[in-house]
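Those protein sequences? They're chains A and B, same order as listed. Numbering follows numbering that gives the first Met the number 0, with no gaps: position 7 of the first sequence is 6. Numbering follows numbering that gives the first Met the number 0, with no gaps: position 188 of the second sequence is 187. First comes the structure, then the notes that go with it.
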Amino acid sequence: MREKILGLTLILVAAVFSNCQAVERDQGPYGGTLVLGMMADIQRADPHRQTGNPSNQVFSLITESLVELDELGRVSPGIAESWQVSDDAREHTFFLRQGVLFHNDRELVADDVRLSYQHMQDPATRSPKRADFAIIERIEVIDKYTVRFHLKEPNAGFGATYFGGNAPIIPPETFDSDHPVGSGPFQFVEWKPRQYLKVRRFEHYWNTGLPYVEEIIFRPVVDDTVRYTGLLAGDLDFAFSLPFAQLPMLSSSPPAGIVPSIKGGSRWFFLNLHTQRGPLKEVRVRQAIAYALDKNVIMEGVSWGYSKPEAQPYPPGSEWYFPDVDDPYMEPNLERARSLLQQAGYPEGFELIAIVRNETLITDLAMLVQDQLARIGIKVKLEVMDRASHLARQSQHDFDLNPGHMGFFPDPGEIFYRLNHTGVPDNWGLFSNPKFDELVEQGRETVDLARRKEIYSQALGILNEEIHFIYLGHLPVAQAWRSRVKGLKTNIRGDIAFHGGGMAYAWIEE
Amino acid sequence: MPKYILKRLVSSVPVLLLVSGIVFSLIHLIPGGPIDYLFADETLTPEIRAQYERDLGLDRSLLIQYATWLGRVLRGDLGMSIQMGRPILDLIWERVPATLLLAVAAILVCVLIAIPAGVIAAIKRHTSYDYLVMTSAILGISIPHFWLGILLILFFSVFLDVLPSSGYRALFSDPVGSLEHLILPAITLGTGMAAIVARMTRSEMLEEMGQEYVRTARAKGMPERRVIFRHILKNAMVPTITILGIQFGRLMGGMVVVEHVFAWPGLGSLVVDAVYSRDYPMVQGLVLTFAVIAVSINMTVDVLYRYVNPRITLE
C-alpha cells in the first residue's frame, strides 16, 4: 500500500491552488450589513442534513469543504491546500491547510475531516447526501493535517464531488446541533424560519483580512418578481435568480443604483428521452426527435435571447467543455427527421407523453417541444405536475419525454456516470450502451487529465449519437446587486462563495 | 349558552375526524412522496429509500399509519416534520403570530372599508356614490391577490419608497416596523374580502330599509342617523357576519398567495410547502389546525348572532 502511495500521481496542484492568499484582490473598508434575497429558505440549520441550492448557498458562507470551485467551476483548494490521487484512483489523500479555525476557535484537523465524513455516512444521521459517500471504504488519518480516503472502487473525480455545501467539515462537538459551526468566513448568528438567517463576520478566518462585510442577512423571497422589486426598492442588496423576462430591460438600461450581472451559466437545459419504451426504443426515432427540434428557437425563447444552443452538458469556459464536439442537431433538419421516422417504421408519427414540472422554464420548453415535434407528426401530450409527482414519475421511469434542467457537477465522472450508466438510480430513461459504460468506467479509473478528456469526449459522442439526453444549452446566471456593493463576483454557477471570490471578497461603499 | 357551546364542541369531533381522514387519504393518493422530495437533488438508492420508509413508518398499511397518527394526536403530539426534522407543533406555533396578525389586520381593513361603503351605497342608492362603490367592489373581487400585491409594492415601495416591499417584523419586538410591513399585505388581503362584504351589506341594508319597523321608526320621528345605525344596520349585520365567517376559508386561500408575494412567514406558506414536499404529518397537523380554527369561528359566528339579534335562539 505504502509503495502505491509513493507512486501517487500529483494531479491537481497548480500554483494557483497552493495558497488562497495569493489571489489578488482589491481591499475595501470593513463593516456594514448586506441583505440577500434568496429563492427559498433553508429547510434545516444542520449542515450535514441540508440539501438544495438555496441551502448550499447559505451554508457555503458558514462552512467549508475539502475543495471549492473557482470562477469557472474548476476544482480548487478549500480546506485542503492540495491533494493526490493514487494510480488506481482508489486512494485520495488531502493535505489540509494549517491554522484553519472553526468558529468555536478550535483548530480544524484531519480527525475532524474523518469524523465529519463518517457522520454523513452514518445511516442514523439521515444525510440526504449519504449515497454519495457509499463509495468510501475507510478514512485514514495520516497525521494532524493529512487525511486519506480509501475507496471501494476507483473514482478519479471523487474529491471534486465534495465541494461547497456538499460535504462540509464541521466540529464533531457540534454534530446534530441547530447552531451550525464551520470554518467559513461568516459565523451563524440566528435563523428565524421563513424570515431571515443572519451571519456575522468571523474575525479569525484563515484567509487573513477577509471578509469585509460585518453582517449578512439572507431573506427568503420566493417570488422572482418580488425579489426584483425588493432590490429596486432598496430592501435587498443582492437578488438571486432574476426573472429572465426582466433581462433585456435590466441589461440595456439598468435602473439607477442597480448592477446587473447576467452571464453564461452552467445549468444545462435538456430533453431527456426514454430509451426502452414504445417507438423510443428505436434509436432512429430518438435521432428524428433531435433533428426536429430547433435548439436556437428554444434557447432564445426561454432565455430571452441570453443563451445559445450547445450539444454538451458543460458550458464554454469549463475545463470539461469540448470545443470540437460535433453537433448534427444544431440546426433543425425536418427532412432528415421524417426520413428517419419512415425508416424506423413510423411514417405517420405517434403520440408521446411528456412529464412536465410546473416551473415556467420547463413548461415553456415543453410547449416548444410539443409544437416542434408536431411538424414531424409526433403528438406530445403534456402532463404538468408538481415537483414531488415529477420526481416520482422520473424515478419510476414512467415517461416518454422529460424536459428539465440540471446544475453543474465539476467532474464529468459524476454527470456522465450518474445519469447514463446502465442500472444506476438516476438513469431515468434506462439508457444502456456497453461501449458507453466501459468508457465512463474507464473515466473513473483514469487519473491522467488528458486521457480523461479523451474518454469523456468519446462518451459524449456516443450520447449524442444514441440520444438519451438532447443537450439544448445553458441557462444564463441572472443576478443583480445594489451599486453600494463593491468587489463582488459570482461564479459560473452563480455561487456567492467560491475560490477567489464571492461575498467574502465584497465590501460596502456608502 | 354554555350547554350550546358544549354541544357544538362535541359535535365538532366527528367533523374533525372526517376532515383528517379525507385529507390523509387525499395526500397519500397524490403521486410522489416525501422521500422523493427529500432527495430531489441527491441520489436515492433503493436501500436508502427502504431505510427511510421503515424509519418513517411509510412501509406500513395506510390504516395503521392513520391510526398511529390519530393515537399520537390524542396524546397532544402532532409528530415531526419529515422535511424540516422538527416538531410540527413548534413549527405551527412559530407561524401563528404572523398569521394571526395578518388575519386580524385584513379583517379590520375589510370591515373598515366594506361596512361604510355598503351603508353609503345603500343610502345613496342609484347615485354616483353607489355606482362607484359597486364598481370598486367588482374590481376588488376580480383583481387577483398576487397582481394587486405586486402593484402595491411597485407604487408604495419602489416609486414612493414609503413602505417595505416584503418581509415581517414581530409586533411586540418592533411595533413600528411590524405595522410598516403589515400595511401592504393587509390591504391586499383585506380589499378582496371587503368587496364581497360591501355588496352583502348594501343588499341587506336595502332589504331592511323596506321593512315596516323602519317606517315605524321614521314615523315616530326618530332621527335618520339613529334609524340607519341603530335599526337597519344592526339587522343587516346578521348575514354580513355569516359572510365574514365564511370568508375565513377565502382568507386562508388568499393568505397563501399574499404570504408568497410579501414573503410573510405564516401558516399559508407552511401548508403549501408541506403539500408540495409531501410532508404527510405536517399536512395532517396543519389541516387539523385549520379545521379546529374553522369550527371555532363558525361557533363564534353562531354565538354572535344571538347578540346581534336576540330573537335568534341557539338550540
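Think of the CB as a built atom: it goes at the ideal place given N, C-alpha and C, for glycine as much as any other residue. Quick caveat: nothing in here was measured; it's all calculated off a predicted structure.
- Looking at the DSSP output, residue 75(A) sits in a beta bridge with 67(A).
- For residue 82(B), the C-beta contacts it makes with chain A under 9 Å involve 42, 43, in order along the chain.
- Within the model, the alpha-carbon separation for residue 243(B) versus residue 197(B) is close to 11 Å.
- The DSSP-derived three-state label of residue 263(B) is coil.
- With a contact defined as Cβ atoms closer than 8 Å, residue 82(A) and residue 27(A) miss out at about 32 Å.
- For a cut-off of 8 Å, the C-beta gap from residue 218(A) to residue 35(A) is around 7 Å, short enough to register as a contact.
- Burial of residue 454(A) is indicated by the presence of at least 16 other C-beta atoms within 10 angstroms of its C-beta.
- Contacts between residue 149(B) and chain A, judged by CB atoms closer than 9 Å, involve 222, 224, 225, 228 in chain order.
- Beyond the five residues adjoining it in sequence on each side, residue 470(A) comes within less than 7 Å, by CB distance, of 267, 269, 309, 310, 311, 312 in the same chain, given in chain order.
- Residues of the segment 472-498 of chain A whose Cβ lies closer than 7 Å to any Cβ of chain B: none.
- In this chain, the alpha helix (DSSP H) harbouring residue 230(A) covers 223-232.
- Closer than 9 Å at the C-beta level to chain A, one finds these residues of the segment 6-39 of chain B: 29, 30, 31, 32, 33, 35, 36, 37, 38, 39.
- When 9 Å is used as the limit between beta carbons, residue 144(B) is near no residue of chain A, the shortest such separation being about 12 Å.
- By DSSP's assignment, residue 142(A) forms a beta bridge with 145(A).
- Residue 372(A) and residue 294(A) have their C-alpha atoms spaced approximately 12 Å apart.
- For residue 213(A), there is no enclosing alpha helix (DSSP H), as DSSP gives it neither H nor E.
- Proximity of residue 264(B) to chain A, defined by a Cβ-Cβ separation below 8 Å, is satisfied.
- Per the Cβ contact rule, the segment 199-211 of chain B is in contact with the segment 113-125 of chain B (3 or more Cβ pairs under 8 Å).
- Here residue 58(B) is exposed, its C-beta having fewer than 16 other C-beta atoms within 10 Å.
- Counting along the chain, residue 260(A) sits inside the beta strand (DSSP E) bounded by residues 257-262.
- Taking the Cβ atoms as the reference, residue 215(A) lies roughly 7 Å from residue 60(A), within the contact range of under 8 Å.
- For residue 404(A) and residue 223(A), the gap between their C-alpha atoms comes out near 18 Å.
- For the segment 162-184 of chain B, the set of positions with a beta-carbon nearer than 7 Å to some beta-carbon of chain A reads 163, 164, 165, 166, 167 in chain order.
- Proximity of the segment 390-408 of chain A to the segment 7-14 of chain B falls short of the contact definition, fewer than three beta-carbon pairs being nearer than 8 Å.
- Taking a Cβ-Cβ threshold of 8 Å, the residues of chain A close to residue 277(B) are 387, in chain order.
- Residue pairing of residue 36(A) in beta bridges, as defined by DSSP: 218(A), 238(A).
- Close partners of residue 44(B) in chain A (Cβ separation under 7 Å): 130, 424.
- With a 10 Å radius around the Cβ and a threshold of 16 neighbouring Cβ atoms, residue 92(B) comes out exposed.
- Within chain A, the residues 228 have their CB atoms less than 7 Å from the CB of residue 153(B), given in chain order.
- Residue pairing from DSSP leaves residue 106(B) without any beta-bridge partner.
- The residue among 151(A), 71(A), 288(A), 306(A) with its C-alpha nearest the C-alpha of residue 333(A) is 288(A).
- Taking C-alpha positions only, residue 52(A) is separated from residue 101(A) by approximately 23 Å.
- Taken in chain order, the complete alpha helix (DSSP H) segments of 4 or more residues contained in the segment 297-344 of chain A are 333-342.
- Residue 150(B) and residue 273(A) have their alpha carbons spaced roughly 44 Å apart.
- Under the three-state reduction of DSSP output, residue 500(A) falls in the strand class.
- Around the CB of residue 137(A), fewer than 16 other CB atoms lie within 10 Å, so the residue is classed as exposed.
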